[in-house]
Amino acid sequence: MASRLLPAVFLLLPLTTSNPPSRGDAPAEPQARPSYKSPLGIAVDGEGKRAYVALHTAGTLAVVDLRAGKVLNEIPVGKKPHDVALAGKSLFVTCEQDDTLVRIDVDKQTVTGRWKTGQSPRGVAVTPDGGRVFVACHDEKALAAFNVATQESVFLPMPGWPVYVSLHRNVPDRTIDVLSRLAGSARVTTVTADFPPRIVQTESWKEASNPGAFQDTWPRSDITGMLVHQEPRAKVPATQVAQAWIFTNAISLQIGGAKGDRATSYLDDPRQGHADPSDLAILPGSDLRAAVACAGADDVLILHMHRPKQRSYLAEAALRKDYEPGRDQANLSATRTLVRTRIDTQASPRRLALSANGTLLVASNHLADSLTVIDAQKLKIIRHIQLGGSQPDAARRGEILFNSGNMTFQGQFTCASCHPNGGSDGLNWDLPRDGVGNFLNTRSLLGVKDAAPYGWHGSSKSLTDRVAGTLRTLHRHEPQGTEVADIVAYLKTLEPPRPLPMNDKDRQAAPRGKIVFEGKGKCVQCHQPPVFDDAVGHDVGTRVAGDVKAIFDTPSLRGVARTAPYLHHGQAETLEEVFGKYNPQRRHGAAHELTPAEMIDLIAYLKSL
Numbered sequence: 060m061a062s063r064l065l066p067a068v069f070l071l072l073p074l075t076t077s078n079p080p081s082r083g084d085a086p087a088e089p090q091a092r093p094s095y096k097s098p099l100g101i102a103v104d105g106e107g108k109r110a111y112v113a114l115h116t117a118g119t120l121a122v123v124d125l126r127a128g129k130v131l132n133e134i135p136v137g138k139k140p141h142d143v144a145l146a147g148k149s150l151f152v153t154c155e156q157d158d159t160l161v162r163i164d165v166d167k168q169t170v171t172g173r174w175k176t177g178q179s180p181r182g183v184a185v186t187p188d189g190g191r192v193f194v195a196c197h198d199e200k201a202l203a204a205f206n207v208a209t210q211e212s213v214f215l216p217m218p219g220w221p222v223y224v225s226l227h228r229n230v231p232d233r234t235i236d237v238l239s240r241l242a243g244s245a246r247v248t249t250v251t252a253d254f255p256p257r258i259v260q261t262e263s264w265k266e267a268s269n270p271g272a273f274q275d276t277w278p279r280s281d282i283t284g285m286l287v288h289q290e291p292r293a294k295v296p297a298t299q300v301a302q303a304w305i306f307t308n309a310i311s312l313q314i315g316g317a318k319g320d321r322a323t324s325y326l327d328d329p330r331q332g333h334a335d336p337s338d339l340a341i342l343p344g345s346d347l348r349a350a351v352a353c354a355g356a357d358d359v360l361i362l363h364m365h366r367p368k369q370r371s372y373l374a375e376a377a378l379r380k381d382y383e384p385g386r387d388q389a390n391l392s393a394t395r396t397l398v399r400t401r402i403d404t405q406a407s408p409r410r411l412a413l414s415a416n417g418t419l420l421v422a423s424n425h426l427a428d429s430l431t432v433i434d435a436q437k438l439k440i441i442r443h444i445q446l447g448g449s450q451p452d453a454a455r456r457g458e459i460l461f462n463s464g465n466m467t468f469q470g471q472f473t474c475a476s477c478h479p480n481g482g483s484d485g486l487n488w489d490l491p492r493d494g495v496g497n498f499l500n501t502r503s504l505l506g507v508k509d510a511a512p513y514g515w516h517g518s519s520k521s522l523t524d525r526v527a528g529t530l531r532t533l534h535r536h537e538p539q540g541t542e543v544a545d546i547v548a549y550l551k552t553l554e555p556p557r558p559l560p561m562n563d564k565d566r567q568a569a570p571r572g573k574i575v576f577e578g579k580g581k582c583v584q585c586h587q588p589p590v591f592d593d594a595v596g597h598d599v600g601t602r603v604a605g606d607v608k609a610i611f612d613t614p615s616l617r618g619v620a621r622t623a624p625y626l627h628h629g630q631a632e633t634l635e636e637v638f639g640k641y642n643p644q645r646r647h648g649a650a651h652e653l654t655p656a657e658m659i660d661l662i663a664y665l666k667s668l
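Numbering (the working numbering), first residue to last: 60 to 668.
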């Protein structure tokens with residue numbers, strides 16, 4: 060959710076305490092969770108007969124008969140399958156938790172190959188001949204490329220956290236695009252599709268928080284790229300939520316190539332937001348229609364980007380001599396000229412797939428364990444297909460609420476807008492509960508059940524209090540029934556993240572850094588294992604103008620390498636800056652006493668947590 064549940068990451072002065080404070084909500088007794096399917100990536104065969112769906116929490120690939128509306132088979136593939144790509148008779152699946160790429164023979168419905176990828180593989184694309192496969196390795200911050208025939212693989216570093224890979228529509232065997240996320244922005248890197256691949260260029264898309272998908276828009280020559288995303292209003296007090304000044308859900312177009320203009324329009328209208336746009340598909344036809352899945356609004360929007368013999372109205376705007384990008388940011392009334400059809404799906408449509416013949420559009424409803432099959436010409440729902448899975452328990456209901464715009468004013472955003480996948484968007488927000496004019500950085504919720512008290516100043520002793528307060532003050536939603544309890548149950552299922560991959564140098568330095576952490580640096584006195592905090596507030600000299608207090612709750616250091624920028628205002632871009640540039644009063648433990656070599660070792664250890 061959009062509350063600032065955890066404070067910034069820094070090391071604190073030692074503090075002796077004989078009785079640690081209470082951790083808030085009583086721990087729940089461990090119980091076996093019901094089984095769910097949680098469909099994500101999806102591919103549809105050329106004739107629209109079958110769909111192949113990555114069932115993220117089931118560890119399987121579902122083979123679905125789209126015409127009969129039933130599941131034919133589930134093929135075990137590995138832990139947390141994320142995305143799929145189809146080429147001929149070969150289907151490739153990324154398994155996020157296993158760090159593997161799996162090949163399946165679609166006729167035999169058996170696994171015929173398995174490759175090791177970088178950590179946390181997500182998006183995948185394959186050339187039409189099935190000979191080269193490209194995988195976005197999120198935690199590795201790299202693109203993995205595989206030559207299927209020779210079994211060779213190479214890795215290209217990416218400028219951010221890569222999540223999505225797409226083939227160019229006109230020359231799919233020549234170039235691909237890799238979409239990477241950063242704090243409040245995105246990067247699109249064009250890479251050659253030969254082997255070994257090489258980077259052609261990288262474009263920065265500013266003000267594009269939580270980008271969902273990128274597509275080139277061939278055959279239109281004037282529009283060369285299309286990105287769905289949210290546009291954050293992080294520099295405006297969140298008291299302005301009624302003016303749609305938290306997130307605006309958007310689509311941006313690149314006009315005339317990398318050096319051309321960029322135009323943004325909005326998916327929201329003055330009365331209803333369409334939160335968390337998550338995927339994009341270009342529909343066949345001469346009028347350039349696009350389908351956008353909006354995960355937080357449980358719908359698919361059909362956009363008409365232009366009419367025959369006319370430019371896109373966005374392109375026309377961008378080519379005006381007086382056009383100023385962002386000038387009409389608050390104008391949602393123009394949405395009516397863009398959004399022509401709204402199609403209701405079921406809970407949280409995350410991915411779209413179009414059949415090769417252009418007849419069917421299929422959405423995978425991640426939190427409904429279902430598919431929605433849409434006639435791509437008539438733009439009507441043909442059927443919903445249930446994939447199995449249990450009835451939602453409290454935590455699953457909470458996950459649905461966490462990812463739903465129904466919990467926010469006019470559906471503008473979701474809890475996941477600030478906390479994608481339970482993590483952090485890396486932005487600073489001015490939230491009503493923390494005072495006006497006090498912009499504080501979003502913290503990750505991964506492992507939050509162990510990290511009480513909550514809030515930058517530890518003002519909430521329990522998750523129950525923090526969730527209820529955030530819903531009321533930010534979301535403008537009065538909790539009903541079991542909503543708060545359900546969201547809390549879901550938050551308690553969020554485990555701490557895996558440590559990020561380390562190079563050989565850092566791997567050798569980390570054990571030395573642990574000695575510094577527990578000894579000379581005096582870090583462990585406040586950041587106590589296994590949670591790496593002490594549930595106590597401290598003044599470490601980081602207060603600046605606008606802060607209501609000088610004391611901040613000790614943060615957990617688990618997953619700290621993922622959560623830049625650091626400190627409560629996101630001042631420090633790196634951990635090195637936390638201990639140097641932003642430690643003028645020398646209150647971050649004994650960090651100021653460390654030698655340069657000891658500091659390098661300490662940073663390596665922190666990144667290993």
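Ideal placement from N, C-alpha and C gives every residue a C-beta, glycine not left out.
No experiment lies behind these values; they were computed from the predicted model shown.
Contact check, residue i vs residue j, beta carbons under 8 Å
i: Ala293; j: Gln471; result: no
i: Ala33; j: Ile235; result: There is simply no residue 33 to check, as the chain begins at 60 and stops at 668 in what is shown.
i: Val183; j: Val192; result: yes
i: Gln289; j: Ala309; result: yes
i: Lys666; j: Ala623; result: no
i: Leu668; j: Phe591; result: yes
i: Thr394; j: Asp346; result: no
i: Leu553; j: Leu504; result: yes
i: Ala144; j: Val103; result: no
i: Pro255; j: Val213; result: yes
i: Asp484; j: Ser311; result: no
i: Asn497; j: Val599; result: no
i: Gly464; j: Gly355; result: yes
i: Cys474; j: Phe461; result: yes
i: Thr119; j: Tyr95; result: no
i: His197; j: Val161; result: no
i: Ser407; j: Asn424; result: yes
Helix, strand or coil at residue i [DSSP, three-state]
i: Asn562; result: coil
i: Ala204; result: strand
i: Pro221; result: strand
i: Ala544; result: helix
i: Asp660; result: helix
i: Ile361; result: strand
i: Lys265; result: coil
i: Cys353; result: strand
i: Ala422; result: strand
i: Ala393; result: helix
i: Glu458; result: helix
i: Tyr95; result: coil
i: Val123; result: strand
i: Gly470; result: helix
i: Leu550; result: helix
i: Pro216; result: strand
i: Ser371; result: Annotation note: pLDDT 41 at Ser371 (below 50); position unreliable, coordinate value reported separately. Ser371: coil per DSSP, three-state reduction.
Exposure label - residue i; buried when at least 16 CB within 10 Å
i: Arg399; result: exposed
i: Gly385; result: Because the pLDDT of Gly385 is 42, which lies under 50, any placement of that residue in the model is unreliable, and the number read from its coordinates should be weighed accordingly. Classification for Gly385: exposed.
i: Pro140; result: buried
i: Ala349; result: buried
i: Gly155; result: The residue you asked about is not Gly; residue 155 is Glu in the sequence shown. With 16 or more Cβ atoms within 10 Å of its Cβ, Glu155 is classed as buried.
i: Glu106; result: exposed
i: Arg181; result: buried
i: Glu211; result: exposed
i: Pro614; result: buried
i: Glu537; result: exposed
i: Ser97; result: buried
i: Pro291; result: buried
Nearest-angstrom Cβ-Cβ length linking residue i and residue j, presumed shorter than 8 Å
i: Val130; j: Leu626; result: Actually they do not touch by this definition, with Cβ atoms about 49 Å apart.
i: Ser263; j: Arg246; result: 6 Å
i: Cys146; j: Gly189; result: Here the sequence assigns Ala to residue 146, which means Cys is not the residue at that position. Sure, about 4 Å apart at Cβ, within 8 Å.
i: Trp174; j: Ala297; result: That belief does not hold up - the Cβ atoms of Trp174 and Ala297 are roughly 45 Å apart, past 8 Å.
i: Tyr641; j: Ala649; result: At roughly 16 Å, the Cβ-Cβ gap does not stay under 8 Å, so Tyr641 and Ala649 are not in contact.
i: Gly172; j: Ile444; result: Not quite, the Cβ-Cβ distance comes to about 28 Å (not below 8 Å), so this is no contact.
Beta carbon proximity, residue i to chain B, threshold 8 Å
i: Arg228; result: The displayed structure is made up of one protein chain only, and chain B is not part of it.
**Secondary structure, alpha helix (DSSP H): runs of 4+ residues fully inside the stretch 599 to 656** = 634 to 638
**Request:** Entirely within the stretch 270 to 296 and at least 4 residues each: give me those alpha helix (DSSP H) ranges in chain order.
**Result:** none
**Request:** Just list the alpha helix (DSSP H) runs in the stretch 222 to 255, keeping only unbroken ones of 4 residues or longer that don't cross its boundaries, in chain order.
**Result:** none
**Message:** Restricting to runs no shorter than 4 residues, where is the alpha helix (DSSP H) found entirely within the stretch 494 to 534?
**Reply:** Counting whole runs of 4 or more residues, the stretch 494 to 534 contains the alpha helix (DSSP H) stretches 522 to 532.
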